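So the structure is just underneath, and the comments pick up after that.
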Amino acid sequence: MKLSKREIMSLSILALILVSIGIYKFIIQPQEEQFQFLKNQRDIKKSQLLRFKKEVSLESKLYAETLKLEEQIYSKSKNLFTSITQEEIILLVDEFSVSTKLKIPSITFPETRIESMLQKKDKEDENKNDKEKELDLKVYSADLKYEGYYYSLLDFLKKISGYDRKIIIKDMNIYKDDDGYIRGNIMLDFYTIENIIEVKESIYTWKANMGSIVGDPFLEFNDYIISKQSKEIASEEIIESKMESSLTSTIDKMNNRPMPEYKRNNEHLVRRTVLGFENKNDMFFEGNDKKIYGEITLDKNRKIEGESSLNISYNFLEGRERNTVNISINNNIPILGQAYGMELSVYPIDKSNCSIGVIIKDKESKNYKLSLTDHLNWDGWRALTIEIPMEIRYPVEIEGLYIENLDSSERLSGKLLIDNMELLYLK
């Protein structure tokens, strides 16, 4: 059967229509569905990205608010005991006794008790709901038996009332003997807020090599009272020995060589990062002479934690009796609570005999230069630790860092990295 031209034309058009429908259904339509699916996925990822950015911004805001609250808590609680022990009470009473010449033959400790302090949550709701928040305070009591002259007793009471932290005289009796002495008992209460403050401040600190023996606290001179301790014990040897025993070897990926790394021991320490060196505008470079040149930049490749470390470049240009570079902090960092020490990670790019340390200021605006090391001659990162002197009066602030060269024959320029400044607290 022979098809006419019209029939052939009709069949060709039908075949073309069928092919077009097949191409659309089996090729174009699946691609459109896939495109729509990818578009939806893109919208989901965009919304997730926006949520993550919002969470990151909230995290930094919450961190700033947390630091602000910590400062407020410290300012309101610095005159109160965060914690205390019977041993510390004995040493404290002995300090008062020695300075006032009032004899304390015996101290008795009644059983520690818990007292509840009720605080109004909101004065405006006092008549409506009368909501109250209950806080338990741990109270240590000490019953002191004393003997001495009248003015010694007055001086002793002044010492108690003038002490940095509040001590409550709960009860007291006094009588006079024929020998001219007055005798009696004083009951003291020490209220602690250890359930409110995370960081516990110790009134006295024992060096690591003293063991558990602190001597006789009733001797006229007590070697272990902080206010009378001198700098006779060189803590740097103890710190260096601890660091050497904790060094492990890793590989510096940038230089392909072994790099010492400090292995932190958190067993007896609470760490608090106070400066991560993420923003160079938080500090500035200055020398003790106008001719000393230098700059600070951020290094995002070599770091310990966070996004970057601080790269310090300095050039003393000429030999002097004392060449010093200061990295000053724009806003001094308060040391919240009584810290045991500080730690700073240092990477000397150029080795030298320069020393590096931290500058702090105490309650009397007296500056202390705490040396972390007197040489910069190792490879890679090393965490340097220094104890905070026990005789410093709180509150204390961190003012900055210093790099010092006392040998004019040494090289006059150099570079180093620093990162992750932490405060160390004893648990």
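Count the sequence shown with the numbering used here and you get residues 1 to 427, in order.
All residues carry an ideal CB built from backbone N, CA and C; glycine is no exception.
Remember, predicted model here, so these are calculated numbers, not experimental data.
Spatial neighbours of residue i in its chain, beta-carbon cut-off 6 Å, leaving aside the 5 residues before and after
i	result
ASN288	THR324
PRO348	LEU376 and LEU416
LYS145	PRO105, SER106 and ASN185
GLN86	PHE109
Backbone CA spacing between residue i and residue j [nearest angstrom]
i	j	result
ASN367	GLU321	21 Å
MET259	LEU58	With a pLDDT of 36 at MET259, under the threshold of 50, the modelled position of this residue cannot be trusted; read the value that follows with caution. Cα to Cα, MET259 sits roughly 36 Å from LEU58.
SER308	GLU32	45 Å
TYR262	VAL358	Residue placement at TYR262 is poorly supported in this model, since its pLDDT is 40, which falls under 50; the coordinates are not used for a value here.
GLU194	ASP350	46 Å
LEU14	ARG42	40 Å
PHE81	THR192	5 Å
PHE52	LYS363	42 Å
GLY341	ILE386	6 Å
GLU147	GLY180	10 Å
TYR163	LYS54	48 Å
ARG272	VAL98	37 Å
ASP216	LEU269	Its pLDDT being 46, under 50, ASP216 is placed unreliably by the model, and nothing is read from it.
PHE285	ASN311	11 Å
LEU91	ILE84	11 Å
From the options, residue whose alpha carbon lies closest to that of residue i
i	options	result
SER116	LEU102, TYR402, LEU137 and LYS103	LEU137
PRO389	LEU3, ILE360, ILE327 and ILE167	ILE360
TYR402	CYS354, ASN281, ILE84 and SER413	CYS354
LEU154	PHE190, ILE23, ASP178 and THR100	THR100
VAL396	GLY380, ALA339, VAL346 and TRP381	ALA339
GLY400	TYR151, LEU426, ASN326 and SER161	ASN326
TRP378	ASN281, VAL346 and ASP407	VAL346
C-beta contact flag for residue i and residue j at 9 Å
i	j	result
PHE109	SER141	yes
SER352	ASN405	yes
LEU157	ILE89	no
ILE398	ASN332	yes
GLY306	GLU343	no
TYR394	LYS78	yes
LEU423	ILE296	no
GLY414	TYR314	yes
THR373	ILE392	no
ARG165	TYR175	no
LEU384	GLU318	no
Beta-carbon contacts of residue i that lie in its chain and below 8 Å, excluding the five residues immediately before and after
i	result
THR112	LYS138, VAL139, TYR140 and SER141
GLU71	PRO334 and LEU336
LEU3	LEU11
Any C-beta of chain B under 9 Å from that of residue i
i	result
THR112	Among the chains of the structure shown, chain B does not appear; only one protein chain is present.
7 Å CB neighbourhood of residue i in its chain, flanking five on each side removed
i	result
LYS303	SER309 and ASP419
Residue i CB to nearest heavy atom of the ligand ADP below 8 Å
i	result
MET283	Inclusion of the ligand ADP in the displayed structure is not the case, the ligand content being empty and no account of it being possible.
Cβ pair count under 8 Å reaching 3, the region 61–71 against the region 168–186: no
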